[in-house]
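*Asks:* Just passing along the structure, written as structure tokens.
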Amino acid sequence: MVTRRLIVSSIGLGVFGAAVPARATGVPAPINVDLRGAIDASAFGVRPGGGDRKSKAFSKLLKEAAAREQPVFLPPGDYVVSNVDLPDNTRLTGVPGATRILYGGDGYLFACQEARNIRLENLVLDGGNRWLDDTVEGLVHLSGTGAVTIENCEIKGSSKSALYLERCGGRIEKNRVSGAADYAIYAIESTALSIAANTVLDCANGGILVHRWSKGPDGTMVTANRIAGISARSGGTGEYGNGINVFRADNVMVTNNHVSDCAFSAIRSNAGSNVQISGNTCLASGETAIYSEFGFEGAIVSGNLIDGAANGILIVNFNEGGRLATVTGNVVRNLRLEGPYVHDGAGFGFGIAVEADTVVSGNTIENAPKYGLMLGWGPYMRGLVVNGNLVRQAPVGCAVTVVEGAGAALVSGNIFSETPQGAIAGYRWNERATGELADGAERFAHLTIERNRTG
184 MVTRRLIVSS IGLGVFGAAV PARATGVPAP INVDLRGAID ASAFGVRPGG
234 GDRKSKAFSK LLKEAAAREQ PVFLPPGDYV VSNVDLPDNT RLTGVPGATR
284 ILYGGDGYLF ACQEARNIRL ENLVLDGGNR WLDDTVEGLV HLSGTGAVTI
334 ENCEIKGSSK SALYLERCGG RIEKNRVSGA ADYAIYAIES TALSIAANTV
384 LDCANGGILV HRWSKGPDGT MVTANRIAGI SARSGGTGEY GNGINVFRAD
434 NVMVTNNHVS DCAFSAIRSN AGSNVQISGN TCLASGETAI YSEFGFEGAI
484 VSGNLIDGAA NGILIVNFNE GGRLATVTGN VVRNLRLEGP YVHDGAGFGF
534 GIAVEADTVV SGNTIENAPK YGLMLGWGPY MRGLVVNGNL VRQAPVGCAV
584 TVVEGAGAAL VSGNIFSETP QGAIAGYRWN ERATGELADG AERFAHLTIE
634 RNRTG
């Protein structure tokens with residue numbers, strides 16, 4: 184097949200004679216559109232404008248193009264459609280910001296069941312906050328698609344989730360997703376999926392979700408996304424309101440994301456084993472900024488910056504099998520005692536809390552209103568190594584459990600500064616049970632405390 188490449192000026196004509204509006208700056212920008220023998224949409228009666236009367240013609244266009252293994256290029260304008268089933272091998276593209284596909288209501292916008300390849304690029308998909316029926320979970324609902332590519336699209340105004348992907352792989356990259364009444368991107372039972380460089384704004388229940396029906400390998404990579412303004416419209420104590428949420432999905436990487444203003448966590452992993460949470464910026468979280476909780480084995484939490492949260496980093500729930508982690512090189516600061524609900528356990532206001540088979544090293548914690556470090560909870564502590572951390576401006580620098588049955592902890596070579604109620608103190612759950620432990624005045628068989636500096 185001969186590849187034809189058309190270079191169109193923004194003040195000239197688009198493909199098939201459609202005008203491309205000039206940019207507001209008045210400076211024309213070339214638009215590079217790779218046609219590869221694209222089908223003329225107008226030949227199928229698909230043209231901008233009009234009401235929701237183009238859906239059948241639009242569906243016929245996509246089927247014909249897919250059968251020919253040809254892409255469809257939509258010129259700029261508004262296309263009002265509903266209930267479009269995307270055929271296998273759909274390749275649909277437009278002019279970024281100018282080709283707008285508007286949901287007409289009465290069902291769904293795009294759906295697909297069992298396909299090898301679906302590609303959507305350079306489109307605006309606008310749900311208009313209109314009702315979606317019970318057959319779909321998102322404005323774009325894809326199931327069983329081996330290779331999905333959704334790139335450089337704007338997806339907004341969904342009355343459910345914006346993108347729902349079940350048993351899919353591929354790439355979701357460089358999109359802008361906003362105003363979803365549920366989640367921005369909901370990926371479940373994925374295989375080799377990449378979610379990268381997207382902007383997610385102002386969604387009602389969650390940002391990017393990587394879930395599985397049952398615990399198992401997943402391997403999704405969530406990287407370089409910008410997420411802000413995530414609410415928890417449905418309430419709860421952490422089920423909703425997270426910027427990035429991993430649930431039962433193993434081998435997931437969450438790296439180099441910028442996450443701010445989430446009702447609960449910036450990044451929350453529940454029962455996700457072998458998760459890597461590294462290099463993220465987490466600002467103004469409503470509850471715990473970074474969470475690895477319940478039924479996980481293996482977590483790396485490293486090089487993250489946390490500024491503003493009720494708690495900084497929690498690696499917890501040894502009673503539910505949560506264990507085996509490293510927490511290294513993080514900066515945690517400016518925490519608070521209040522959270523989004525009344526906590527009936529340890530509460531809020533501490534920098535880093537860990538329970539089992541975990542190394543905590545090289546972290547900097549500043550301005551924690553309860554504890555800088557919290558080691559164990561009741562009898563649930565085992566195999567902790569805590570060394571080389573700096574804690575300053577916390578009432579208690581390090582709270583460690585001294586409840587009977589607690590396992591071993593080594594607290595060594597840390598610096599505690601401006602900790603007026605003690606550098607290291609023993610606790611029975613929430614009740615303080617010892618004086619200062621940093622000076623060796625009191626000894627417990629399960630604790631080794633040495634070479635720490637205070638002042």
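Numbering of the sequence shown is given in this note's numbering, commencing with residue 184 and proceeding in unit increments. Beta carbons: idealized from backbone N, C-alpha and C, even for Gly.
1. Using the Cβ count rule (16 or more neighbours within 10 Å means buried), how would you classify Trp612?
2. Give the straight-line distance between the Cα atoms of Val203 and Phe501, rounded to the nearest whole angstrom.
3. Cα separation between Leu497 and Ile483?
4. Expressed to the nearest angstrom, what Euclidean distance is found between the alpha-carbon atoms of Ala201 and Asp223?
5. What do you get for Val437, buried or exposed, if any count of 16 or more other CB atoms within 10 angstroms of its CB means buried?
6. Can you look up Phe227 in the DSSP assignment and give me helix, strand or coil?
7. Measuring only the C-alpha atoms, how far is Glu297 from Thr328?
8. Hey, could you find the ends of the beta strand (DSSP E) Ala330 is sitting in?
9. What residue range does the alpha helix (DSSP H) around Arg251 cover?
10. CB-CB under 6 Å to Gly277, same chain, minus the five flanking residues each way: which ones, in chain order?
11. Taking the continuous beta strand (DSSP E) assigned at Leu285, which residues delimit it?
12. Which term fits Val603, buried or exposed, when burial requires 16 or more other beta carbons within 10 angstroms of its beta carbon?
13. Hey, Phe627 and Val569: beta-carbon distance below 7 Å or not?
14. Whose C-alpha, out of Gly486, Ala467, Met557, is nearest the C-alpha of Asn517?
15. Around the C-beta of Arg416, are 16 or more other C-beta atoms found within 10 angstroms, so that it is buried, or is it exposed?
16. Leaving out five residues before and five after Gly478 in sequence, what residues of the same chain have Cβ atoms less than 6 Å from its Cβ?
17. Give the DSSP bridge partners of Thr276, in chain order.
18. In the structure shown, what three-state DSSP assignment does Asn502 receive?
19. Candidates Gly340, Ile391, Leu558: which alpha carbon is nearest Ala407's?
20. Do you know whose CA, among Phe533, Tyr369, Asn513, Asp622, lies nearest Gly545's CA?
21. Tell me whether Thr403 is buried or exposed, calling it buried when 16 or more other Cβ atoms sit within 10 Å of its Cβ.
22. Have a look at the DSSP bridge pairing and note the partners of Leu348.
23. Hey, how far is the Cα of Asn487 from the Cα of Asn463?
24. Kindly indicate which three-state DSSP category Pro578 falls into: helix, strand or coil?
25. Can you tell me which residues form a DSSP beta bridge with Leu315?
26. Going by the beta-carbon positions, is the gap between Leu308 and Leu275 smaller than 7 Å?
27. Going by beta carbon distance, what residues of the same chain come within less than 6 Å of Ala539, once the five residues before and after it are set aside?
28. Whole angstroms is fine: what's the gap from Leu322's alpha carbon to Ile284's?
29. Using only CA atoms, which one of Ile338, Tyr369, Tyr347 lies nearest to Lys357?
30. Based on the DSSP secondary-structure assignment, which residues constitute the bridge partners of Gly609?
31. Does the Cβ-Cβ distance between Ser377 and Arg354 come in under 7 Å?
32. Please check the pair Thr332 and Gly352, which I expect to be a contact at CB under 8 Å, by giving their CB distance rounded to whole angstroms.
33. Hey, out of Asn335, Asp317, Thr509, Pro523, whose CA is closest to Ser414's CA?
34. Taking all protein chains shown into account, decide if Val525 is buried (16 or more other Cβ within 10 angstroms of its Cβ) or exposed.
35. Whose C-alpha, out of Ala281, Arg615, Leu245, Gln253, is nearest the C-alpha of Asp261?
36. Work out the CA separation of Ile410 and Gly571 for me, nearest whole Å.
*Replies:* Well, looking at it:
1. Exposed, by the Cβ-count rule.
2. The predicted model places Val203 with a pLDDT of 36, which falls under 50 and marks its position as unreliable; any figure quoted below should be read in that light. One C-alpha to the other measures close to 59 Å.
3. Distance between the alpha carbons of Leu497 and Ile483: 12 Å.
4. Only weak support exists for where Ala201 lies, its pLDDT of 36 falling under 50; the coordinates are left without a value.
5. Result: buried.
6. Reduced to three states, the DSSP call for Phe227 is helix.
7. Those two C-alpha atoms are separated by around 5 Å.
8. Run containing Ala330: 321-334, per the beta strand (DSSP E) assignment.
9. Its alpha helix (DSSP H) spans residues 238-251.
10. These residues qualify, in order along the chain: Leu257, Asn305, Leu306.
11. If you look at Leu285, you'll find it in the beta strand (DSSP E) that goes 282-286.
12. The sequence shown places Pro at residue 603, rather than the Val named in the question. Exposed is the call here.
13. In this structure, Val569 does not lie closer than 7 Å to Phe627 by Cβ.
14. Its Cα nearest to that of Asn517, the residue Ala467 stands out among Gly486, Ala467, Met557.
15. Classification of Arg416: exposed, given that the 10 Å Cβ count is below 16.
16. Same-chain partners within the cutoff: Ala454, Glu503, Gly504.
17. DSSP, once it has assigned bridges, lists Phe256, Glu304 as partnering Thr276.
18. It is helical.
19. Of the listed residues, the one whose Cα sits closest to Ala407 is Ile391.
20. Cα-wise, what sits closest to Gly545 is Asn513.
21. Buried, because 16 or more other Cβ atoms sit within 10 Å of the Cβ of Thr403.
22. Partner(s): Leu325, Ala370.
23. Distance from the CA atom of Asn487 to the CA atom of Asn463, rounded to whole angstroms, is 5 Å.
24. Here Pro578 sits in coil by DSSP.
25. Beta-bridge partners assigned by DSSP to Leu315: Gly290.
26. For Leu308 and Leu275, no; Cβs fall outside 7 Å.
27. Excluding sequence neighbours, Ala539 sits near Phe501, Arg506, Arg565.
28. Going from the Cα of Leu322 to the Cα of Ile284 covers about 11 Å.
29. That would be Ile338, whose Cα lies nearest to the Cα of Lys357.
30. By DSSP's assignment, Gly609 forms a beta bridge with Val583.
31. One thing to note: Ser377 has its Cβ within 7 Å of the Cβ of Arg354.
32. Contact flag wrong, Cβ pair sits at about 10 Å.
33. Restricting attention to Asn335, Asp317, Thr509, Pro523, the CA atom closest to the CA of Ser414 is found in Pro523.
34. Result: exposed.
35. Taking only the C-alpha atoms, the option nearest Asp261 is Ala281.
36. Just so you know, the alpha carbons of Gly571 and Ile410 end up roughly 32 Å apart.
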